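One structure is given here, and the rest of the page talks about it.
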Amino acid sequence: MLQALPFLSIIAVVAATLLRAVAIRRRTGDRAFAFMSATGIQRIAGVSFALSVAALVLASALPASGSSLAVAVLAAILALVGCFIVIVAQVQMGRAWRVGVRQGDAPLFVTHGLFKFSRNPIFVGMILQGVAAALTANAAWAWAALTVFIGSCAVQVRVEEAHLEASFGQHYREFRASIPRWIGIGGRA
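Residue numbers (numbering that gives the first Met the number 0): 0 to 188.
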């Protein structure tokens, strides 16, 4: 059961993401999946993100034989913590939650909850789940998928930061200066 937790946690995040998108659509009429209309670098990031996530889901479903108990425990902890972070941050974003960026679509940006510690807690949580999946499979292709996934997240974060700065100007620049991009204390531009 322990080795199944990374897979189950990823499935839980996928389900929560779909349910969140439906809830936002019903409540506000907004379409949360902005990747569908993405172009340029965001399209490339979205495709590589989707492909690497598919590979990591597969990696989490195929536990390596002979994996130590310590590795299984570490993977399970990372997966569950990542799942918790993603779902909590999605809820904390409220109406602002999106998958991707659309021009002219920035209802607000969030500065409370987990966003006091990271400008991108959802990506942090997903990366933790990706590490858990790679640990679970312990295969070169899973680590390669994780590398592509992290690279896709980094590109998407830069797209989102530019969008938020264009939408909110000085208010976002002040937030960006005081809160780290990934995790920690203090700001980083």
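Cβ coordinates follow ideal geometry from the N, Cα and C atoms, glycine included. Computed from a predicted structure; not experimentally measured.
Where does residue i sit, in a helix, a strand or coil, going by DSSP?
| i | result |
| --- | --- |
| Val158 | helix |
| Val130 | helix |
| Val123 | helix |
| Val147 | helix |
| Val109 | coil |
Where do the N-terminal and C-terminal ends of the alpha helix (DSSP H) with residue i fall, by residue?
| i | result |
| --- | --- |
| Gly39 | Gly39 to Ala60 |
| Met92 | Leu68 to Met92 |
| Gln169 | Gln169 to Ser177 |
| Ala15 | Leu4 to Thr27 |
Which word fits residue i, buried or exposed, when buried means at least 16 other C-beta atoms lie within 10 angstroms of its C-beta?
| i | result |
| --- | --- |
| Leu55 | buried |
| Gln2 | buried |
| Met125 | buried |
| Val85 | buried |
| Arg162 | The question names Arg, yet the displayed sequence has His at residue 162. Buried. |
| Thr27 | exposed |
| Arg97 | buried |
Hey, residue i and residue j: beta-carbon distance below 9 Å or not?
| i | j | result |
| --- | --- | --- |
| Gly81 | Ala141 | no |
| Ala53 | Leu7 | no |
| Ser94 | Phe174 | Looking at the sequence itself, residue 94 is Arg, so the reference to Ser does not match. No. Outside cutoff. |
| Gly129 | Ser51 | yes |
| Ala75 | Pro5 | yes |
| Leu61 | Thr135 | yes |
| Phe116 | Ile178 | yes |
| Phe122 | Trp181 | yes |
| Arg30 | Ala44 | no |
Looking at the C-beta of residue i, does it have a partner C-beta in chain B at a distance below 9 Å?
| i | result |
| --- | --- |
| Ile86 | The displayed structure is made up of one protein chain only, and chain B is not part of it. |
ask   = Is the segment 38 to 49 close to the segment 148 to 168, with three or more CB pairs under 8 Å?
value = yes
message = Count Cβ pairs between the segment 162 to 171 and the segment 85 to 93 that sit closer than 8 Å; are there 3 or more?
response = no
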